[in-house]
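Below is one structure, written out as structure tokens; comments come after it.
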Amino acid sequence: MSIKKTESTSIQRSELKQFTNARVALRTSGVSICTEELLAFKLAHARAVDAVWTNWNRTKINDELKLLGIESILLESEAGSRMHYVQNPQSGCRINEPSHQLIQSLKNENSISIILADGLSPIAAQEQGSKLIACLVEELGALAMNIHPIFICTNGRVAIGDSIGEITKSKIAIVIIGERPGLTTPQSLGMYITLNPTSTSTNANRNCISNIHPEGLSIEQASIECKQLIEKMLKHNISGYQLHSK
Amino acid sequence: MYRTQLSNHIYNFDSLRTLLAKASPLRSGDVLAGVCASTYEERIAAQIALSNVPLKNFLNEVVIDYEKDDITRLIIDSHDTISFAPISHLTVGGFRDWLLSTEVTNETIHAVANGITPEMAAAVSKIMSLQDLILVAQKIEVVTKFRTSVGLKGRFSTRLQPNHPNDDNKGIMASTLDGLLFGCGDAVIGINPVSESEEIVTSILSMLEELRLKFDIPMQSCVLAHYTLTKNILDKAPVDLIFQSIAGTQKANESFGVKLSELQEANDAVLSLNRNPQSKQVFYFETGQGTALSANANAMIDQQTCEARAYAVARKFNPFLVNSVVGFIGPEYLYNGKQIIRAGLEDHFCGKLLGLPMGVDVCYTNHADCDQDDMDNLSTLLAAANCNFMMAVPGSDDIMLQYQSTSYNDAAYLRKVFNRKPAPEFELWLKKMGIFNSEGELSSANEDVKKLLNHLS
Numbered sequence: 003m004s005i006k007k008t009e010s011t012s013i014q015r016s017e018l019k020q021f022t023n024a025r026v027a028l029r030t031s032g033v034s035i036c037t038e039e040l041l042a043f044k045l046a047h048a049r050a051v052d053a054v055w056t057n058w059n060r061t062k063i064n065d066e067l068k069l070l071g072i073e074s075i076l077l078e079s080e081a082g083s084r085m086h087y088v089q090n091p092q093s094g095c096r097i098n099e100p101s102h103q104l105i106q107s108l109k110n111e112n113s114i115s116i117i118l119a120d121g122l123s124p125i126a127a128q129e130q131g132s133k134l135i136a137c138l139v140e141e142l143g144a145l146a147m148n149i150h151p152i153f154i155c156t157n158g159r160v161a162i163g164d165s166i167g168e169i170t171k172s173k174i175a176i177v178i179i180g181e182r183p184g185l186t187t188p189q190s191l192g193m194y195i196t197l198n199p200t201s202t203s204t205n206a207n208r209n210c211i212s213n214i215h216p217e218g219l220s221i222e223q224a225s226i227e228c229k230q231l232i233e234k235m236l237k238h239n240i241s242g243y244q245l246h247s248k
Numbered sequence: 109m110y111r112t113q114l115s116n117h118i119y120n121f122d123s124l125r126t127l128l129a130k131a132s133p134l135r136s137g138d139v140l141a142g143v144c145a146s147t148y149e150e151r152i153a154a155q156i157a158l159s160n161v162p163l164k165n166f167l168n169e170v171v172i173d174y175e176k177d178d179i180t181r182l183i184i185d186s187h188d189t190i191s192f193a194p195i196s197h198l199t200v201g202g203f204r205d206w207l208l209s210t211e212v213t214n215e216t217i218h219a220v221a222n223g224i225t226p227e228m229a230a231a232v233s234k235i236m237s238l239q240d241l242i243l244v245a246q247k248i249e250v251v252t253k254f255r256t257s258v259g260l261k262g263r264f265s266t267r268l269q270p271n272h273p274n275d276d277n278k279g280i281m282a283s284t285l286d287g288l289l290f291g292c293g294d295a296v297i298g299i300n301p302v303s304e305s306e307e308i309v310t311s312i313l314s315m316l317e318e319l320r321l322k323f324d325i326p327m328q329s330c331v332l333a334h335y336t337l338t339k340n341i342l343d344k345a346p347v348d349l350i351f352q353s354i355a356g357t358q359k360a361n362e363s364f365g366v367k368l369s370e371l372q373e374a375n376d377a378v379l380s381l382n383r384n385p386q387s388k389q390v391f392y393f394e395t396g397q398g399t400a401l402s403a404n405a406n407a408m409i410d411q412q413t414c415e416a417r418a419y420a421v422a423r424k425f426n427p428f429l430v431n432s433v434v435g436f437i438g439p440e441y442l443y444n445g446k447q448i449i450r451a452g453l454e455d456h457f458c459g460k461l462l463g464l465p466m467g468v469d470v471c472y473t474n475h476a477d478c479d480q481d482d483m484d485n486l487s488t489l490l491a492a493a494n495c496n497f498m499m500a501v502p503g504s505d506d507i508m509l510q511y512q513s514t515s516y517n518d519a520a521y522l523r524k525v526f527n528r529k530p531a532p533e534f535e536l537w538l539k540k541m542g543i544f545n546s547e548g549e550l551s552s553a554n555e556d557v558k559k560l561l562n563h564l565s
């Protein structure tokens, strides 16, 4: 890595910023962080908190997908409220009874279920979700498998895909979910893929593609990686950490 | 059976485990586990009943069966009856009064420490106010030594935490240098690696060793990989400290791939490198309330009692550092600033009471109901309690773990407000380098500081 030097041999402290996105070389007053940097930090935190607690606009996502010719179905987890969801992770792992009724006729054994869940960043799912799904559906077209309508699920955790995949008897469940926001971005999505999802599946049975956002992994790259993972799962009839050694 | 009779109601508690859980101040993890009191009155009734329990009962009634749990066996088998003698006549309530009394000093508490079980520590903490937790903890001085001495009265140390989302060596070094220029890193320079790769861990440790030797820094380094990985690289990497996260039940530890016998082997293997021959303290442990529940292995024990039981594991290995990562686990265990602040002070108190060199990662995630104001509160209260060390993260923002902890600036603030100095060996080095002036104030305009920065070029 080449670095700018302001004198012939010495690096200035401010130049540490070239090497990391960490908040190094902050300007100070006394020992304290200067006003501008303090408020920049508070703004990043405010955005992260808003990302967790915002109600997402699912109708908007539904409409965007419809324009692209992709059907979707709106579901709810058992959580009921956002507050309950945050304090009871298990409540976000199963869909509620009315949602169950909506999808129980969709059984198909050579199928893929794609679930868009708000997770801990509804903002990320709302802003990036339909773009990622459009790209992913196109990529998965090469697999000659049936793709169910997109399940857009409120107050869902990663394991919601097991509950939905079991009902629809899917071969593959893909959960696209808003990741817990850090201060870097509230826009990050994760994608969790499980072969033969059932309510007994665990994290050990999943493969994950994370950090999908404009400054991280691109939507296109994530879609390609997802397709490749699914091909590998189908070939070896296995998913999760055991897939790494294949 | 334990019982409290109030004017309107008789409360019965079927076991010590239940009584401890119901007496625990409200926190979301105990609600989630279904072990907490159902009303505020029931909680205080439990605290009243608990205050009347003789400490001796804790030796006869365990919270998980002796046969089923190796931590219970460790607690019972290592209990020192001679140390216990001066407090053996006390109830939990009497123990609180004893700890608070002016006659009981650092020396008195150290003398009984090996007679105190984790459950006794947890029990007394549950009936203590925040003020009590601070007042007793600040009496207790637990000093550990490696290249620096951590925990001395009048001193406050930090773990410099220069994490990077790609384990990039130059990124880690940039944050490290920035922290050293703030006087941070005297407890340890500790990196959480993204990747559990022997090559990457070795590479980071080698880079920090080169820095240490080049500038003759009295410091320790650690990469917080699983202990089995660290044990595998002892022939090729300069390992000062071996790290492991631990929990308070055998089943929870098994879920992290932790076995007590293997911890002993790892400890002995690192000791054989002879890098800390003086004190033989080479372990760095991290803990946190809610860990056992998150592994579905809490055995119906409340999360604060589980946490104290993890300290029995730490105590066995004479560690250099123990750190409760109090707010990292999320709001399903500690919902808000109030719960995180109480938990941080409880953990620090219980650890110190049991004789451990306690630090606290004063921290929160973005889905907890918490912000920097809560962190300022907890860090200030912990400094008043003479906490050995806290984290020092650039600008409080850990860009790898995606949570907020204390910053370089926070450390400087606490040292200023409480008139605390870094570890003595490190303070001398800071003055030699001109990072501190002769009055111990931060200063940055001199040639040696430039040499340190130029290490990156």
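Just so you know, the sequences run in chain order R and D.
Letter by letter, the first sequence follows residues 3 to 248 in the numbering used here.
Letter by letter, the second sequence follows residues 109 to 565 in the numbering used here.
Ideal Cβ placement from N, Cα and C applies to all residues, glycine included.
The structure displayed is predicted, hence computed values, not measured ones.
Check: CB contact below 7 Å: R/S34 versus chain D; Outcome: yes
Check: C-alpha distance - D/V296 paired with D/F391, whole-angstrom precision; Outcome: 12 Å
Check: Where D/N431 sits in the DSSP three-state scheme; Outcome: strand
Check: Option in D/K359, D/L349, D/N404 and D/L538 with minimal Cα separation from D/N426; Outcome: D/L349
Check: 3 or more residues per run - each beta strand (DSSP E) lying fully within the region 57-124 of chain R; Outcome: 74-78 and 113-119
Check: Limits of the unbroken alpha helix (DSSP H) element including D/N485; Outcome: Q480 to A492
Check: Below-7 Å beta-carbon distance, D/Q510 vs any chain R residue; Outcome: yes
Check: Cβ of R/L185 within 7 Å of any chain D Cβ; Outcome: yes
Check: D/E547 burial status per 10 Å Cβ neighbour count (16 or more: buried); Outcome: exposed
Check: D/A519 versus D/M498: straight-line alpha-carbon distance, rounded; Outcome: 8 Å
Check: Chain-order list of residues whose beta-carbon lies under 6 Å from that of R/S16 (same chain, five-residue window excluded); Outcome: A27
Check: Cβ pair D/S409, D/R135 closer than 7 Å; Outcome: This sequence places Ile at residue 409 of chain D; Ser is not what is there. Not closer than 7 Å, so no.
Check: Short Cβ contact (7 Å threshold) for R/F153 with D/A282; Outcome: no
Check: Spatial neighbours of D/V244 in its chain, beta-carbon cut-off 6 Å, leaving aside the 5 residues before and after; Outcome: L207
Check: Meets three-Cβ-pair contact criterion under 8 Å: the region 242-261 of chain D and the region 461-469 of chain D; Outcome: yes
Check: Alpha carbon of R/E73 to alpha carbon of R/I135, nearest angstrom; Outcome: 11 Å
Check: CB of R/S83 within 7 Å of CB of R/I97, strictly; Outcome: no
Check: Three-state secondary structure (DSSP) of D/V250; Outcome: coil
Check: Separation of D/D188 from D/N274, as counted between CA atoms; Outcome: 47 Å
Check: Positions along the region 286-305 of chain D whose CB lies within less than 9 Å of some CB in chain R; Outcome: D286, G287, L289 and F290
Check: Stretch-stretch touch, CB-based, cutoff 8 Å, three pairs: the region 361-381 of chain D with the region 314-327 of chain D; Outcome: no
Check: Exposure label - D/N586; buried when at least 16 CB within 10 Å; Outcome: The question about residue 586 of chain D has no answer, for chain D in this structure spans 109 to 565.
Check: Alpha carbon of R/I35 to alpha carbon of D/S487, nearest angstrom; Outcome: 16 Å
Check: Length at least 4, wholly inside the region 180-215 of chain D: the alpha helix (DSSP H) runs in chain order; Outcome: 189-192 and 200-208
Check: Beta-ladder partner(s) of D/P162, from DSSP; Outcome: D/T199
Check: Range of the contiguous beta strand (DSSP E) that encloses R/N209; Outcome: R208 to I214
Check: Neighbourhood of R/N64 by C-beta, 8 Å cutoff - its chain only, sequence neighbours within 5 removed; Outcome: S74, L76 and I154
Check: Contacts of D/T473 in chain R (Cβ-Cβ under 8 Å); Outcome: R182
Check: Closest residue to D/E307 among D/D276, D/G287, D/G298 and D/V200 (Cα-Cα distance); Outcome: D/D276
Check: Minimum C-alpha distance to R/L145 - residue among R/I226, R/I169 and R/S31; Outcome: R/I226
Check: Span of the beta strand (DSSP E), counted from its first residue to its last, around D/F264; Outcome: It is not in any beta strand (DSSP E) - D/F264 carries neither H nor E in the DSSP assignment.
Check: Sequence-distant residues of its chain with Cβ nearer than 6 Å to R/K68 (five each side left out); Outcome: none
Check: Among R/S212, R/D120, R/E222 and R/C228, nearest to R/T56 - alpha-carbon criterion; Outcome: R/D120
Check: Proximity test, Cβ basis, 7 Å: R/N110 and chain D; Outcome: no
Check: C-alpha distance - D/G137 paired with D/A154, whole-angstrom precision; Outcome: 18 Å
Check: Beta carbon of R/L219 nearer than 7 Å to that of R/I195; Outcome: no
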